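Peer 1: Handing you a structure now.
2 protein chains.
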Amino acid sequence: MSEVQSETAAGSEERDVTELVLQDILTGLLPAGTWLKQIDLERRYDCTRPEVRRALDRLSQKRLVAHVPNRGYHVHQPDDRHAKEVGDIRVILETAVADMMVANATPDSIATLRGLARYFDEMTLTGTILEHYEANLAFHRELLLLGGNQELVDLVSEIRQRTSSAPVSQWRTRARIEKSGREHHMMVDALEARDAEQLKRLIALHIRQPTDTPK
Amino acid sequence: MSEVQSETAAGSEERDVTELVLQDILTGLLPAGTWLKQIDLERRYDCTRPEVRRALDRLSQKRLVAHVPNRGYHVHQPDDRHAKEVGDIRVILETAVADMMVANATPDSIATLRGLARYFDEMTLTGTILEHYEANLAFHRELLLLGGNQELVDLVSEIRQRTSSAPVSQWRTRARIEKSGREHHMMVDALEARDAEQLKRLIALHIRQPTDTPK
DNA sequence: GTTACCAATATTGGCGCCAATTTATGATAC
DNA sequence: GTATCATAAATTGGCGCCAATATTGGTAAC
């Protein structure tokens with residue numbers, strides 16, 4: 093309420109450049125291997141040189157882009173081994189708190205999750221890639237929150253970005269997306285039934301799904 | 093070969109400023125809450141303003157320092173909840189690969205670990221805080237490597253830094269340090285005996301130890 | 001015709017200055 | 001004597017310039 097400050101003439105370029113580049117990498121607009129020339133980014137996001145450089149430095153810290161001294165930055169190409177390893181880590185982390193999720197689930201939180209699962213389905217049909225991606229994130233975030241470990245929620249968000257450099261290729265088939273949507277609902281079902289073991293199985297399957305079929 | 097370039101007159105200030113600040117935070121030279129004025133750091137590490145700023149930005153991304161706009165940066169104070177949560181995450185991650193550690197352990201790797209455990213004990217007596225800290229890191233790194241997930245090794249190193257902002261207070265008593273040293277050897281014993289369950293128990297205990305006795 | 005070398009161009013990256021904001025200090029009024 | 005306000009000092013943070021380095025294209029020689 094009373095947001096006076098966001099009425100700058102330019103429009104909507106108040107956001108952090110790092111986030112913008114991150115989104116473009118995540119949505120596949122900047123494919124893996126692309127060289128990120130500072131001048132190009134400067135123009136593309138209508139920002140200054142230092143802003144570009146800060147963004148590139150941050151993203152290279154997060155290992156989303158690689159830095160070659162005196163050559164520049166390019167979008168990181170995660171090899172299969174890394175992708176598998178990160179998947180394993182996610183399975184470890186997310187299944188580890190399944191018991192807590194079941195223990196902490198209330199009718200309220202289950203309803204919220206059901207809503208988010210439906211929202212994901214909606215975005216499958218009507219949303220942009222980014223909206224869809226974020227709907228997925230929102231669902232998993234809410235689910236993880238039930239684990240009661242805020243730090244773990246943030247950590248998973250972080251490492252999730254670490255391999256999602258090729259989300260387009262991961263979600264390329266509609267069949268798989270719809271399967272993901274159904275699995276979301278099955279997870280909520282398991283939560284409702286207080287079946288922690290089933291929930292673990294579902295989570296593990298859900299995460300490993302994309303990487304199980306490399307070609 | 094032919095490394096001519098590293099013969100700069102200055103001496104040994106070739107290192108990255110970020111690392112230097114990080115070390116000083118980890119070793120307790122810069123206690124939690126300390127305001128990190130850019131001018132001070134500039135003089136302290138004999139570097140330029142942009143270098144300082146880059147270091148501060150990186151460390152604030154890693155949440156080791158907090159950034160208050162137009163006020164500056166100060167060393168982050170991890171509250172008890174965060175510390176507990178990070179501890180839990182470490183237990184989850186490090187015990188999750190215990191089976192793999194046992195499976196992958198060779199006489200060679202066990203010997204290496206035994207050596208690192210001994211080295212930690214040595215540093216307890218004769219090393220600096222930093223050397224001691226790094227000896228501990230080296231042991232756990234080598235142990236984790238047996239898990240076969242390189243990504244997990246790096247991740248643990250990362251989140252380990254996330255709460256070690258007060259390593260001094262964690263390791264303040266010599267009794268506790270010596271207990272840690274003994275536990276290292278017990279872990280190697282469990283590994284040698286191929287007792288994964290015992291190894292898990294030891295790891296969990298070892299990690300939770302510092303935070304279990306807050307006062 | 002091909003290869004090697006040199007020059008021109010483009011890109012990276014270091015560095016310092018200046019404006020904006022905040023904090024500390026001192027003076028004045030109550 | 002204390003509180004409040006104004007002014008001054010200090011600190012942050014944005015921005016652009018310039019040197020160092022890599023790359024590309026052209027030319028000449030073999």
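Protein chains in written order, with my numbering: chain A, 93 to 307; chain B, 93 to 307. Where is the CB? At the ideal position from N, CA and C, for every residue including glycine. All of these numbers come straight from a predicted model, not from anything done at the bench.
Could you work out which residues of chain A lie near residue 230 of chain B, taking near to mean beta carbons separated by less than 8 Å?
Peer 2: To locate residue 230 of chain B, count along the second sequence from 1; it is residue 138. Near residue 230 of chain B there are no residues of chain A at all, since even the closest Cβ is about 21 Å away, more than 8 Å.
Peer 1: Taking the alpha carbon of residue 122 of chain B as the point to measure from, which residue in B/199, B/297, B/190, B/165 has its own alpha carbon closest?
Peer 2: Residue mapping note: residue 122 of chain B aligns to position 30 of the second sequence, counting from 1. Residue 122 of chain B has its Cα closest to that of B/165, out of B/199, B/297, B/190, B/165.
Peer 1: Can you name the start and end residues of the alpha helix (DSSP H) that residue 273 of chain B belongs to?
Peer 2: As a working mapping, residue 273 of chain B is identified with position 181 in the second sequence. Run containing residue 273 of chain B: 266–284, per the alpha helix (DSSP H) assignment.
Peer 1: Cβ closer than 7 Å: which chain A residues qualify as neighbours of residue 146 of chain B?
Peer 2: The sequence position of residue 146 of chain B within the second sequence is 54, counting from 1. Close partners of residue 146 of chain B in chain A (Cβ separation under 7 Å): 149.
Peer 1: By DSSP's criteria, residue 164 of chain B is part of a beta bridge. Which residues make up the other side?
Peer 2: Residue 164 of chain B sits at position 72 when you count from the first residue of the second sequence. Per DSSP, the beta-bridge partners of residue 164 of chain B are B/160.
Peer 1: Determine which residues of the stretch 172–195 of chain B have a Cβ less than 7 Å from any Cβ of chain A, and write them out in chain order.
Peer 2: 174, 177, 178, 180, 181, 184, 185, 188
Peer 1: Could you tell me if residue 125 of chain B is buried or exposed, where buried requires 16 or more neighbouring beta carbons within 10 angstroms of its beta carbon?
Peer 2: On the second sequence, position 33 is the one that residue 125 of chain B refers to. It counts as exposed.
Peer 1: Using the rule of at least 16 other Cβ atoms within 10 Å of the residue's Cβ for burial, across every protein chain shown, is residue 93 of chain A buried or exposed?
Peer 2: Numbered from its first residue, the first sequence carries residue 93 of chain A at position 1. Confidence at residue 93 of chain A is low in this model, with a pLDDT of 34, below 50, so its placement is unreliable and the value that follows should be read with caution. Residue 93 of chain A should be labelled exposed.
Peer 1: Judging by CA-CA distance, which residue of A/142, A/156, A/175, A/273 is the nearest neighbour of residue 243 of chain B?
Peer 2: Here residue 243 of chain B corresponds to residue number 151 of the second sequence, with the count starting at 1. Selected option, being the one with the closest Cα: A/175.
Peer 1: If we count the other Cβ atoms within 10 Å of its Cβ and call it buried at 16 or more, is residue 267 of chain A buried or exposed?
Peer 2: As a first step, residue 267 of chain A must be located in the first sequence, where it is residue number 175. Within a 10 Å sphere around the beta-carbon of residue 267 of chain A sit fewer than 16 other beta-carbons, which makes this residue exposed.
Peer 1: Roughly how far, in whole angstroms, is the beta-carbon of residue 296 of chain A from the beta-carbon of residue 183 of chain A, given that I think they are within contact range, below 8 Å?
Peer 2: For the purposes of this step, residue 296 of chain A is identified with residue 204 of the first sequence, where counting begins at 1. For the purposes of this step, residue 183 of chain A is identified with residue 91 of the first sequence, where counting begins at 1. Their Cβ separation, rounded to whole angstroms, is 5 Å, which keeps residue 296 of chain A and residue 183 of chain A in contact under 8 Å.
Peer 1: Measure the alpha-carbon distance for residue 161 of chain A versus residue 181 of chain B and round it to whole angstroms.
Peer 2: Walking along the first sequence from the start, residue 161 of chain A turns up at place 69. Walking along the second sequence from the start, residue 181 of chain B turns up at place 89. C-alpha separation (whole angstroms): 35 Å.
Peer 1: Grab the span of the alpha helix (DSSP H) containing residue 246 of chain B for me, first residue to last.
Peer 2: The residue labelled residue 246 of chain B in the question sits at position 154 within the second sequence. Its alpha helix (DSSP H) spans residues 242–255.
Peer 1: Would you call the stretch 186–201 of chain A in contact with the stretch 235–249 of chain A, where contact means no fewer than 3 C-beta pairs closer than 8 Å?
Peer 2: yes
Peer 1: I need the straight-line Cα distance from residue 203 of chain A to residue 265 of chain A, nearest angstrom please.
Peer 2: Translated into positions along the first sequence, residue 203 of chain A becomes position 111. Translated into positions along the first sequence, residue 265 of chain A becomes position 173. Using only the alpha carbons, I get a separation of about 29 Å.
Peer 1: Quick check: residue 157 of chain B and residue 151 of chain B, are their CB atoms within less than 7 Å of each other?
Peer 2: Counting from 1 along the second sequence, the entry for residue 157 of chain B is found at position 65. Counting from 1 along the second sequence, the entry for residue 151 of chain B is found at position 59. Yes, the pair counts as a contact, with Cβ atoms nearer than the cut-off.
Peer 1: Are residue 197 of chain B and residue 283 of chain B closer than 7 Å when you measure CB to CB?
Peer 2: Taking the first residue of the second sequence as 1, we reach residue 197 of chain B at position 105. Taking the first residue of the second sequence as 1, we reach residue 283 of chain B at position 191. Yes.
Peer 1: Comparing alpha-carbon positions, which option in B/185, B/169, B/222, B/274 lies nearest residue 248 of chain B?
Peer 2: Translated into positions along the second sequence, residue 248 of chain B becomes position 156. Cα-wise, what sits closest to residue 248 of chain B is B/185.
Peer 1: Can you name, in chain order, every residue of its own chain whose Cβ lies under 7 Å from the Cβ of residue 230 of chain B, other than the five neighbours on each side?
Peer 2: Taking the second sequence and counting its residues from 1, the one referred to as residue 230 of chain B is at position 138. Result list for residue 230 of chain B: 208, in chain order.
Peer 1: To the nearest angstrom, how far is it from the Cα of residue 287 of chain B to the Cα of residue 280 of chain B?
Peer 2: Taking the first residue of the second sequence as position 1, residue 287 of chain B is located at position 195. Taking the first residue of the second sequence as position 1, residue 280 of chain B is located at position 188. Roughly 10 Å between the two C-alpha positions.
Peer 1: Quick check on residue 253 of chain A: buried or exposed, where buried means 16 or more other Cβ atoms within 10 Å of its Cβ?
Peer 2: Position 161 of the first sequence, counted from the start, is the residue given in the question as residue 253 of chain A. The residue is buried, with at least 16 neighbouring Cβ atoms inside 10 Å.
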